[in-house]
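Data first, discussion second: the structure below is written as structure tokens.
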Amino acid sequence: MKRFTKMLVVAGAFLAVSTAANAQVKIPADIEALLTKNTCLACHKVDQRLVGPGYKEVMAKKKYKPEQIVELIANPKPANWPGYPPMAPLNVPKDEAMKIAKWIASLGKK
Numbered sequence: 006m007k008r009f010t011k012m013l014v015v016a017g018a019f020l021a022v023s024t025a026a027n028a029q030v031k032i033p034a035d036i037e038a039l040l041t042k043n044t045c046l047a048c049h050k051v052d053q054r055l056v057g058p059g060y061k062e063v064m065a066k067k068k069y070k071p072e073q074i075v076e077l078i079a080n081p082k083p084a085n086w087p088g089y090p091p092m093a094p095l096n097v098p099k100d101e102a103m104k105i106a107k108w109i110a111s112l113g114k115k
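Mapped onto the working numbering, the consecutive letters of the sequence shown carry residue numbers 6 to 115.
Below, the structure is given as structure tokens:
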């Protein structure tokens, strides 16, 4: 019986850790609409690499300010992210780019 109880405890702990590790950040609806409209989600995800780095990875490595992110959306710098295909410059309206950038920057605070 003790062995069975230990196995249950270990299985429960494993499940809790794997669930926490796989928890995904919920994208606010207004931001998701902008990411979709401007085709950002074709190359980027929040928590993992797709074609480009995940948004959390961007903030973990670089700690960009929103203004820097807006500039990089308009004028990507491939040298900042070796090992990734270069991002095409996007014509995202500045107000939309700033909303997206503020959300991306907020991921570095979590």
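The C-beta atom is built at its ideal place from N, Cα and C for all residues, glycine as well.
The structure displayed is predicted, hence computed values, not measured ones.
- For residue 40, the enclosing alpha helix (DSSP H) covers residues 34–42.
- Per DSSP, residue 86 lies in no alpha helix (DSSP H) segment and is marked neither H nor E.
- Taking C-beta atoms under 8 Å as the contact rule, residue 78 and residue 97 qualify, at a distance of about 5 Å.
- Note that the region 51–68 touches the region 106–114; at least 3 beta-carbon pairs, one per stretch, sit closer than 8 Å.
- The beta carbon of residue 60 lies closer than 7 Å to those of 49, 51, 109, 112 in the same chain, with the five residues before and after it left out.
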